[in-house]
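Accompanying notes for the structure given below.
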Amino acid sequence: MRTHILILLLGFSITLSAQVPLDTEEAAVSEVIDQIFDGMRNADSTAVGALLHQDIRMQSTGYDQNGEPYLTAGSAARWLQSIAKYEAGSLDERLYSRVIEVDPPLATAWTEYSFFLNGELSHCGTNAFQLIKTAKGWKVHQVTDTRRRENCTTKERSLTDTLHAFIDTWHQAAATADEDTFFGSMAADGIYLGTDASERWPRDTFRVWAAAPFNRESAWDFKPYQRELYFSDNNKYVWWEEMLDTWMGPCRGSGVARFYEGRWQIQHYDLALTIPNETMKAVIELTKDK
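Numbering-wise (the working numbering), the sequence shown opens with residue 1116 and increments by one.
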């Protein structure tokens, strides 16, 4: 009996050791996506077709002129035919961010893109890829994209730059009393911690409390500086610390955001007063009976 158990354990160990590390798989998935768009730029439909699963599905989603959502089916065969018809360099889809999740043999990737036709911006949006690992490597099994013509990114931007812009826009929304942008940037279950010990605000409760400030020209105007960003290995989460110039004097903010459903959402933010060490005793005296 012990011999059989040992053999089973050894077999299990061999199976585990044969697995490819997830970071290597993520790199392989990312490379497939790059090769697809390199092939499209080169008008090489054969190279692109080799990276597609035989059962691939292609779809586009967005809003029509009446503001109603739509979903349309595409055709991989027609797409490959169109690639072959254009001259090299005519079709140029540029990716500005990507978040990849891998659970072999399944992988997903979100990429922000702008599409250029003969050097002119055509449209932009987000690609949602689903890939399957086969005996011949990773193959794209499904692509669903969004398409729009406004607010398109046209310059290379790192993930760090994207997050700095996202957080800055969130602070600016409070400064300009843009309620929809401010609370829309927070996750539905997001939490905001204020400087008072009682101020633990779930997003929707916070929105009710902040109704009066957001009815002014400016709810509050906190100017961030000295921000540090930290990303998870899969780039799906970011946490940060920052200093803020506020009406209360220098404050420190720290936050966590998650990339979910195609966009960044703030899950948690903590606003704290910074108290110099030399004044701490005086502050304790002021607050010890509160």
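Heads up, the beta-carbon is just placed ideally off N, CA and C, and yes, glycines get one too.
{"Query": "Taking C-alpha atoms, which residue in Gly1364, Thr1361, Gly1368 and Phe1231 lies nearest to Trp1354?", "Result": "Gly1368"}
{"Query": "Which residues bound the alpha helix (DSSP H) around Ser1333?", "Result": "Here Ser1333 belongs to no alpha helix (DSSP H), and DSSP marks it neither H nor E."}
{"Query": "Identify the continuous alpha helix (DSSP H) that holds Met1395 and give its terminal residues.", "Result": "Met1395 to Thr1402"}
{"Query": "Under 9 Å between the Cβ atoms of Ala1292 and Glu1332?", "Result": "yes"}
{"Query": "Within its chain, find whatever has a CB closer than 6 Å to the CB of Tyr1352; leave out the 5 residues flanking it on each side and keep chain order.", "Result": "Arg1373"}
{"Query": "Can you tell me where the alpha helix (DSSP H) with Leu1166 in it begins and where it stops?", "Result": "That residue, Leu1166, is in no alpha helix (DSSP H); it is neither H nor E in DSSP."}
{"Query": "What did DSSP end up calling Arg1342 once you bin it into helix, strand or coil?", "Result": "strand"}
{"Query": "What is the DSSP secondary structure of Ile1282, reduced to helix, strand or coil?", "Result": "helix"}
{"Query": "With a CB to CB cut of under 7 Å and the five nearest residues on each side skipped, what residues in its chain are close to Leu1166?", "Result": "Val1147, Gln1150, Ile1151, Lys1254 and Val1255"}
{"Query": "With distance defined between alpha-carbon atoms, name the residue in Asp1360, Asn1350, Asp1385 and Glu1271 nearest to Glu1096.", "Result": "This structure cannot speak to residue 1096, because the chain is shown only from 1116 to 1405."}
{"Query": "If contacts are defined as beta-carbon pairs under 8 Å, then Ala1188 and Gln1174 qualify, I think. What distance do you get, rounded to the angstrom?", "Result": "6 Å"}
{"Query": "Counting pairs of beta carbons, one from the segment 1286-1303 and one from the segment 1191-1209, are three or more of them closer than 8 Å?", "Result": "no"}
{"Query": "Taking Cβ positions, are Arg1263 and Gly1377 nearer each other than 9 Å?", "Result": "no"}
{"Query": "In three-state terms, what does DSSP make of Ser1145?", "Result": "helix"}
{"Query": "What would DSSP say about Gly1126, mapped onto helix, strand or coil?", "Result": "Low per-residue confidence applies at Gly1126: pLDDT is 35, beneath 50, and the placement is therefore not dependable, though the value from the model is reported in the following sentence. Helix at Gly1126."}
{"Query": "Of all the beta strand (DSSP E) runs that stay within the bounds of the segment 1185-1209, which reach a length of 3 or more residues?", "Result": "none"}
{"Query": "Can you give me the C-alpha to C-alpha distance between His1238 and Thr1268, rounded to a whole angstrom?", "Result": "10 Å"}
{"Query": "Note down the Cα distance separating Arg1156 from Ser1229, rounded to an integer number of angstroms.", "Result": "13 Å"}
{"Query": "Could you check if Gly1234 is buried or exposed, using at least 16 other CB atoms within 10 Å of its CB as the buried criterion?", "Result": "exposed"}
{"Query": "Mapping the DSSP letters down to three states, classify Ile1390 as helix, strand or coil.", "Result": "coil"}
{"Query": "With DSSP collapsed to three states, give me the class of Asp1295.", "Result": "helix"}
{"Query": "For the segment 1186-1201 against the segment 1267-1286, are there 3 or more C-beta pairs whose distance is under 8 Å?", "Result": "no"}
{"Query": "Give me the DSSP bridge partner(s) of Tyr1228.", "Result": "Leu1210 and Gly1240"}
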